[in-house]
DNA sequence: CAAGGCTCCTGATAGC
DNA sequence: TGCTATCAGGAGCCTT
């Protein structure tokens, strides 16, 4: 379940092991892995073959590699279970191998997209005209993420206040702020002592500034853990670590004591998933009319 | 247009 | 033992 830090680890792995290499052949082994590609699997393979990867970029949970001509990019999303692996040619196929990309060089490795639940995938898209980073047009609506130097904090606060929604929904809305998933949302809200159903319009500027700080802290800490492991194993271009290794304060801790006050943590069904929170530190908002 | 709900998928696990 | 139900969840798409 990769969120921003895990995806950034993958991006760094691709930068090291894939950038600059040219594609010799592409095999699409499962149609769902290219379902966002407008032309389907055959077209994806045909158009990617012969292209050269430029330096990979990331926005939120999306990553893309501009092709050398710069007007076209390979877009990738890991979904819930996706992995990008650089493997030796001839290594046994992974059980959920979906796409294989062979290179036209003698380095002896290939790029594999492996994905059990097939929520993720790869696709080719035109770049937004004038984008110097080759931003794929289909993700132009995705907001910059909180680690992006160009993230507009003032605009973010104004947008939050204008919304008629609750704070966790807003954190997960990738058009407001990108890169935050269910896990880091719960962690950030716990740190900020905010209940997930708190209306965004009720957040003061200092409180939303504090929340944003916690989002950055949680992600930076996870990135510090994940960022250290990728280059020791060259096959590990897959975004492991992150929250898998770090201790979580909220997510998954139902009935365990709150690390601040000792009160048993609770889990509530929420949007077909779960929200974990401390009922004492994170008080439910008064029902509004 | 904004907000919220539905749906895609597979494997682990719980429950009977 | 073996079956079924439940859960995990990102984001496009649909409805209200």
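In the working numbering, the protein residues as written are 62 to 350.
All residues carry an ideal CB built from backbone N, CA and C; glycine is no exception.
Within this structure, are the beta carbons of residue i and residue j separated by less than 8 Å?
i           : j           : result
residue 181 : residue 206 : no
residue 244 : residue 312 : yes
residue 109 : residue 161 : no
residue 280 : residue 127 : no
residue 258 : residue 153 : no
residue 337 : residue 344 : no
residue 175 : residue 159 : yes
residue 317 : residue 273 : no
Quick check on residue i: buried or exposed, where buried means 16 or more other Cβ atoms within 10 Å of its Cβ?
i           : result
residue 53  : Lying outside 62 to 350, the shown extent of the chain, residue 53 is not represented and no answer is given.
residue 332 : exposed
residue 193 : exposed
residue 219 : exposed
residue 330 : exposed
residue 117 : buried
residue 342 : buried
residue 111 : exposed
residue 120 : buried
residue 353 : For the chain, the structure presents residues 62 to 350; residue 353 sits outside this window and is missing.
residue 107 : exposed
When the Cα atoms are used, what is the spatial distance from residue i to residue j?
i           : j           : result
residue 271 : residue 76  : 33 Å
residue 246 : residue 130 : 37 Å
residue 115 : residue 230 : 35 Å
residue 79  : residue 136 : 14 Å
residue 132 : residue 197 : 9 Å
residue 63  : residue 166 : 30 Å
residue 267 : residue 320 : 24 Å
residue 265 : residue 212 : 19 Å
residue 70  : residue 282 : 13 Å
residue 195 : residue 134 : 6 Å
residue 104 : residue 88  : 11 Å
residue 145 : residue 155 : 12 Å
residue 72  : residue 81  : 14 Å
residue 217 : residue 190 : 25 Å
residue 310 : residue 322 : 12 Å
residue 68  : residue 233 : 16 Å
residue 188 : residue 74  : 23 Å
residue 255 : residue 183 : 36 Å
Which one of the options has the shortest CA to CA distance from residue i?
i           : options            : result
residue 124 : 163, 185, 152      : 185
residue 168 : 149, 176, 191, 162 : 149
residue 113 : 103, 141, 83, 171  : 83
residue 138 : 268, 179, 346      : 179
residue 326 : 110, 251, 65, 233  : 251
residue 222 : 242, 262, 140      : 262
residue 141 : 177, 151, 234      : 177
residue 143 : 95, 190, 104       : 95
residue 122 : 188, 173, 156, 208 : 208
residue 335 : 242, 119, 342      : 242
residue 157 : 234, 81, 92, 284   : 92
residue 277 : 234, 314, 210, 199 : 210
residue 173 : 284, 151, 233      : 151
residue 224 : 256, 260, 97, 255  : 260
residue 97  : 228, 199, 106      : 199
If you drop the 5 nearest sequence neighbours on each side, which residues of the same chain put their C-beta closer than 6 Å to that of residue i?
i           : result
residue 163 : 85, 86, 171
residue 99  : none
Less than 7 Å between C-beta atoms, sequence neighbours within five positions excluded: which residues of the same chain meet that for residue i?
i           : result
residue 202 : 236
residue 275 : 249, 252, 253
residue 315 : 326, 327, 328, 337
In chain order, what residues of the same chain lie with their CB nearer than 8 Å to the CB of residue i, ignoring the 5 residues before and after it?
i           : result
residue 101 : 92, 95
residue 324 : 318, 339, 340, 341, 342
residue 227 : 257, 258, 259, 260, 261
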